[in-house]
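In what follows, a structure is listed as structure tokens, so that the remarks can point back to it.
Numbering (full-length UniProt numbering), first residue to last: 1 to 238.
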């Protein structure tokens with residue numbers, strides 16, 4: 001992972017907090033390296049993931065959102081979403097993003113710069129609005145992919161990362177592999193259920209969304225209580 005960082009770190013902000021000037025070809029390389037880093041991160045044990053989240057999520061990766069390249073900006077945003085999603089899953093103390101990051105995400109979700117193309121701005125705003133809402137409202141990606149007589153539901157940033165990476169690799173053959181490739185089916189937890197079972201699962205999506213939002217609210221309340229207790233202890237010690 002350090003080798004991959006050596007590649008995309010060339011797009012880190014400079015000391016004066018400005019984005020470096022990088023050629024388009026190098027920016028494509030940096031984007032691919034960051035996507036590969038993120039994929040490897042999802043395989044890390046909890047203890048290692050915790051350290052990586054502490055090191056990269058609050059400071060290093062937010063700077064990549066300021067890149068001059070749209071693909072790198074969007075990849076950086078989605079990588080941050082994956083890091084914090086896993087942080088919540090492992091109950092990391094770094095599961096709460098700093099206010100500065102939320103402000104950056106909100107800015108990118110509403111940015112309107114004249115020199116950027118309409119398509120580029122539309123994709124950026126949609127991407128960062130979804131990421132921002134996942135922090136502020138506890139929502140998750142909600143994508144349905146139909147193949148053969150089955151349905152694959154993408155309901156997390158991690159599964160979205162997997163789907164995008166495999167789609168880029170397999171291209172038009174993605175649906176064929178979803179149907180017949182045992183490894184790919186195991187990645188997405190696809191069993192041998194019939195189409196009817198998939199329809200039933202689809203009907204339960206709303207319940208899962210409510211459960212996710214409820215869990216997000218409880219986690220937020222617990223974190224707030226923990227912070228309040230720390231403040232109270234500090235005052236007593238003073």
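Glycine is no exception: its CB is placed at the ideal position from the N, C-alpha and C atoms.
For the alpha helix (DSSP H) containing residue i, name the first residue and the last one.
i           : result
residue 176 : 174-180
residue 18  : Here residue 18 belongs to no alpha helix (DSSP H), and DSSP marks it neither H nor E.
residue 9   : Premise fails: residue 9 is in no alpha helix (DSSP H) and is neither H nor E.
residue 47  : 46-55
residue 128 : 118-136
residue 71  : 70-89
residue 100 : 99-109
residue 167 : 157-170
residue 64  : 61-64
Going by alpha carbons, who is nearest to residue i out of the options?
i           : options              : result
residue 146 : 131, 102, 27 and 163 : 163
residue 282 : 53, 22, 25 and 24    : Absent from the structure is residue 282, since the part of the chain shown begins at 1 and ends at 238.
residue 132 : 103, 176, 112 and 27 : 103
residue 129 : 26, 18 and 77        : 77
residue 6   : 18, 32, 17 and 96    : 32
residue 88  : 135, 166 and 159     : 135
residue 161 : 172, 140, 173 and 46 : 140
residue 159 : 55, 144 and 111      : 144
How many Å lie between residue i and residue j at the Cα?
i           : j           : result
residue 148 : residue 73  : 34 Å
residue 155 : residue 142 : 5 Å
residue 183 : residue 137 : 33 Å
residue 186 : residue 71  : 29 Å
residue 67  : residue 27  : 9 Å
residue 19  : residue 92  : 30 Å
residue 62  : residue 127 : 15 Å
residue 181 : residue 86  : 26 Å
residue 172 : residue 166 : 11 Å
residue 101 : residue 125 : 16 Å
residue 157 : residue 16  : 32 Å
residue 81  : residue 99  : 15 Å
residue 79  : residue 60  : 11 Å
residue 123 : residue 22  : 21 Å
residue 2   : residue 51  : 14 Å
residue 46  : residue 94  : 13 Å
Would you call the CB atoms of residue i and residue j closer than 9 Å?
i           : j           : result
residue 90  : residue 49  : yes
residue 178 : residue 152 : yes
residue 4   : residue 55  : no
residue 75  : residue 34  : yes
residue 24  : residue 96  : no
Check whether the Cβ of residue i lies closer than 9 Å to any Cβ atom in chain C.
i           : result
residue 151 : No chain C appears in this structure, which consists of one protein chain only.
What are the boundary residues of the beta strand (DSSP E) that includes residue i?
i           : result
residue 250 : Residue 250 lies beyond the range of the chain shown here (1 to 238); nothing can be said about it.
residue 147 : 143-147
With a cut-off of 8 Å on the beta carbons, I'd call residue i and residue j a contact; round off their distance for me.
i           : j           : result
residue 112 : residue 121 : 7 Å
residue 64  : residue 11  : 6 Å
residue 105 : residue 150 : Actually they do not touch by this definition, with Cβ atoms about 34 Å apart.
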